[in-house]
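Undergrad:
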Amino acid sequence: MPLSYAEREEFYESLVARARRQGIACAITSGMACVAYGVAQATQDCDLLCAPDAAGKFLSLLGEASLHGQLPSYRGHLTPPLDARWLRGGWTSHFVWDAEGAEAYLDIFGVAPRGSSPWETELQGFYAGPHTVAEMKRTNRGKDWPFVTALGAHMLEAKDARGWLHIYDENLLRTFGEVSPAPAEMLKRRPILGLAVANDSRLHAALYAEVQFWHELDRARLRIYEKAVRPYLMAVKKAHVPAGAVLATQHEIRVRCAENHLPTNPLHDYGIDQMISDARAALGEMVQPSTLAWLPDVCEQFKVGTA
Amino acid sequence: MKKTGQQAKAWPPGVRRRVRQAIYDFHVRAFGEEMARVNFLPLAKRRRYVADMVDHAVRKGVKFAKPALGVTP
Chain C
269 MPLSYAEREE FYESLVARAR RQGIACAITS GMACVAYGVA QATQDCDLLC APDAAGKFLS
329 LLGEASLHGQ LPSYRGHLTP PLDARWLRGG WTSHFVWDAE GAEAYLDIFG VAPRGSSPWE
389 TELQGFYAGP HTVAEMKRTN RGKDWPFVTA LGAHMLEAKD ARGWLHIYDE NLLRTFGEVS
449 PAPAEMLKRR PILGLAVAND SRLHAALYAE VQFWHELDRA RLRIYEKAVR PYLMAVKKAH
509 VPAGAVLATQ HEIRVRCAEN HLPTNPLHDY GIDQMISDAR AALGEMVQPS TLAWLPDVCE
569 QFKVGTA
Chain V
12 MKKTGQQAKA WPPGVRRRVR QAIYDFHVRA FGEEMARVNF LPLAKRRRYV ADMVDHAVRK
72 GVKFAKPALG VTP
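Quick mapping for you: the protein sequence lines, in order, are chains C and V. Here the first sequence is numbered in this note's numbering, starting from 269 and rising by one per residue. Here the second sequence is numbered in this note's numbering, starting from 12 and rising by one per residue.
Structure (structure tokens):
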């Protein structure tokens, strides 16, 4: 009998509830959280934020988390171990419950990509707060951007001024600019808001440049991690995990491989300033130079968890 | 004391209606009329709609799994 969406959702929520009862800070984010915040996304997997220090406890919990009689496994050769050292460094651990017709996928983050503040401080029920979810959605995938704007509008309606940081639709930005001035703190964090409030004709080009900047930042970040993971990939391939090995055994093998071949924090090693500089250089080749003056200072977005 | 990011004033009813319409128009532009309608449903109905949509897609063979790359966009 195939597993329904509702059953999957219930399973993930029960996992979060059990984890929290054990004192583990965790929260569902991405697509499932978007549904809760007023923007429907068809998704079947679950993205979960878990406090890096609780990685070991969460792994033990996963080792006993049966779904339709199946226990989870690590997914693919690229998946780093669920261990505080790598979670803290921005890696994602992937798990699968691989029952025929009842597959479930769980991706675990320790730090929210691009998160400017600790996600643990703003939970709403089973979910990470909309500010965290919106920051995580500033990816290099065009399909994610309407979700960012929808979350921003949701926040502004709920009187959270940080919603100003997430509106990337020109019409909507102009409407908000007409009905309520952006607070000074938001104008400082996102200079382009000054153009929206002033109904300036340069807004269109500046907004395009800003979105492309985030695309380039994400591309640069992914390149850094993808390069860093290659030796680990080869080591995991060679390690020959015994068929049917329990999660704890899989984990031990991955930790051994990671300790020898996977840098814990490649973004920190590469340099956040260098990554931002790379993204600006790439952007400079595709937008009007004058629009670069309106880009936000994104350093804060890469500080949490990468120190 | 205000929470981080909290806005001070509530909008008057006319402004609120205008903003609400602008947000709805954005949802139509970004997601299409049907999903805009869904996004403005009460949470329980929205969740049920998404559940039906995903279950139908899975029955038709749609795969939702993302690649496991160790790093996520």
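A virtual CB, placed ideally from N, CA and C, is assigned to each residue, including glycine. All values reported here derive from a predicted model rather than from experimental measurement.
What three-state label does DSSP hand V:K13 in the structure shown?
TA: Stepping through the second sequence from its first residue, residue 13 of chain V is reached at position 2. Because V:K13 carries a pLDDT of 43, less than 50, the predicted location of this residue cannot be relied on, and no value is offered for it.
Undergrad: For C:S558, which three-state DSSP category applies?
TA: Within the first sequence, numbered from 1, the residue matching residue 558 of chain C stands at position 290. C:S558 falls in the helix class under three-state DSSP.
Undergrad: May I ask you to list, following chain order, the residues of the region 325 to 344 of chain C that have a beta carbon less than 9 Å from some beta carbon of chain V?
TA: Y342, R343 and G344
Undergrad: What does C:Q312 touch in chain V if you count any residue whose Cβ is under 8 Å from its own?
TA: For this step, residue 312 of chain C is matched to residue 44 along the first sequence. Under the 8 Å cutoff, chain V gives V65, V69, F75 and A76.
Undergrad: Does V:G81 come within less than 8 Å of chain C when only Cβ atoms are used?
TA: Here the question's residue 81 of chain V lines up with position 70 in the second sequence. Yes, V:G81 lies at the interface with chain C (some Cβ there is under 8 Å from its Cβ).
Undergrad: Taking 8 Å as the CB-CB cut-off, is V:V30 touching chain B?
TA: Note that chain B does not occur in the displayed structure, where the protein chains are C and V.
Undergrad: At a CB-CB cut-off below 9 Å, which residues of chain C make contact with V:V39?
TA: Within the second sequence, residue 39 of chain V is the residue found at index 28, counting from 1. Result: empty, since nearest Cβ-Cβ is about 11 Å, beyond 9 Å.
Undergrad: First and last residue of the alpha helix (DSSP H) that includes C:H422?
TA: Numbered from its first residue, the first sequence carries residue 422 of chain C at position 154. From DSSP, the alpha helix (DSSP H) with C:H422 extends over W413 to E425.
Undergrad: In terms of alpha-carbon separation, which member of C:E484, C:L515, C:E478 and C:E527 lies closest to C:P499?
TA: As a working note, residue 499 of chain C is residue 231 in the first sequence. Looking at C:E484, C:L515, C:E478 and C:E527, the one whose alpha-carbon comes closest to that of C:P499 is C:E527.
Undergrad: Determine whether the Cβ of C:D486 lies closer than 8 Å to any Cβ atom of chain V.
TA: For the purposes of this step, residue 486 of chain C is taken as residue 218 along the first sequence, with counting starting at 1. Flagged as an interface residue toward chain V: C:D486, by a C-beta distance shorter than 8 Å.
Undergrad: Is the distance from the Cβ of C:L530 to the Cβ of C:V509 below 8 Å?
TA: Residue mapping note: residue 530 of chain C aligns to position 262 of the first sequence, counting from 1. Residue mapping note: residue 509 of chain C aligns to position 241 of the first sequence, counting from 1. Contact: no.
Undergrad: Could you work out which residue in C:L327, C:F415 and C:A310 is closest to C:I292 when comparing CA atoms only?
TA: For the purposes of this step, residue 292 of chain C is identified with residue 24 of the first sequence, where counting begins at 1. Looking only at C:L327, C:F415 and C:A310, the smallest Cα-Cα distance to C:I292 is reached by C:L327.
Undergrad: Quick check on DSSP: helix, strand or coil for V:Q32?
TA: Position 21 of the second sequence, counting from 1, holds the residue named residue 32 of chain V. In the structure shown, V:Q32 sits in a helix (DSSP, three-state: H, G or I).
Undergrad: Would the beta-carbon of C:W562 fall within 8 Å of that of C:A477?
TA: Residue 562 of chain C sits at position 294 when you count from the first residue of the first sequence. Residue 477 of chain C sits at position 209 when you count from the first residue of the first sequence. The Cβ atoms of C:W562 and C:A477 lie closer than 8 Å to each other.
Undergrad: Would you mind sorting C:C314 into buried or exposed? The rule is 16 or more other CB atoms within 10 Å of its CB.
TA: Counted from its first residue, the first sequence places residue 314 of chain C at position 46. Label assigned to C:C314: buried.
Undergrad: C:I540 by DSSP, collapsed to three states: which one?
TA: Sequence index remark: in the first sequence, residue 540 of chain C carries index 272 (1-based). Here C:I540 sits in helix by DSSP.
Undergrad: Rounded C-beta distance between C:R382 and C:V364? I'm assuming under 8 Å.
TA: Walking along the first sequence from the start, residue 382 of chain C turns up at place 114. Walking along the first sequence from the start, residue 364 of chain C turns up at place 96. Between C:V364 and C:R382 the Cβ distance is about 26 Å, and since that is not below 8 Å, they are no contact.
Undergrad: Would you tell me roughly how many angstroms separate the C-alpha atoms of C:Y538 and C:E438, rounded to the nearest one?
TA: Your numbering for residue 538 of chain C matches position 270 in the first sequence. Your numbering for residue 438 of chain C matches position 170 in the first sequence. Whole-angstrom Cα-Cα distance: 34 Å.
Undergrad: Assess contact between the region 280 to 291 of chain C and the region 30 to 40 of chain V, defined as three or more Cβ pairs (one per stretch) separated by less than 8 Å. Is contact present?
TA: Contact check between the region 280 to 291 of chain C and the region 30 to 40 of chain V: fewer than three CB pairs, one atom from each, fall below 8 Å, which does not count as touching.
Undergrad: So, for C:N467: in the same chain, excluding its five sequence neighbours on each side, which residues have a beta-carbon less than 8 Å away from its beta-carbon?
TA: Within the first sequence, residue 467 of chain C is the residue found at index 199, counting from 1. Excluding residues within five positions, the ones whose Cβ falls inside 8 Å are R442, G445 and E446.
Undergrad: Of the residues C:L490, C:G369 and C:R457, which one's Cα is nearest the Cα of C:W432?
TA: Indexing the first sequence from 1 puts residue 432 of chain C at position 164. For C:W432, the nearest C-alpha among the options comes from C:R457.
Undergrad: Under 8 Å, with one C-beta from each stretch per pair, do the region 417 to 431 of chain C and the region 28 to 38 of chain V reach the 3-pair mark?
TA: Three or more pairs of CB atoms, one per stretch, sit closer than 8 Å, so the region 417 to 431 of chain C contacts the region 28 to 38 of chain V.
Undergrad: Can you give me the start and stop residues for the alpha helix (DSSP H) that C:F444 sits inside?
TA: Taking the first residue of the first sequence as position 1, residue 444 of chain C is located at position 176. Per DSSP, C:F444 belongs to the alpha helix (DSSP H) from E438 to V447.
Undergrad: Could you give the residue range of the beta strand (DSSP E) that holds V:L52?
TA: Within the second sequence, residue 52 of chain V is the residue found at index 41, counting from 1. Per DSSP, V:L52 belongs to no beta strand (DSSP E) and is neither H nor E.
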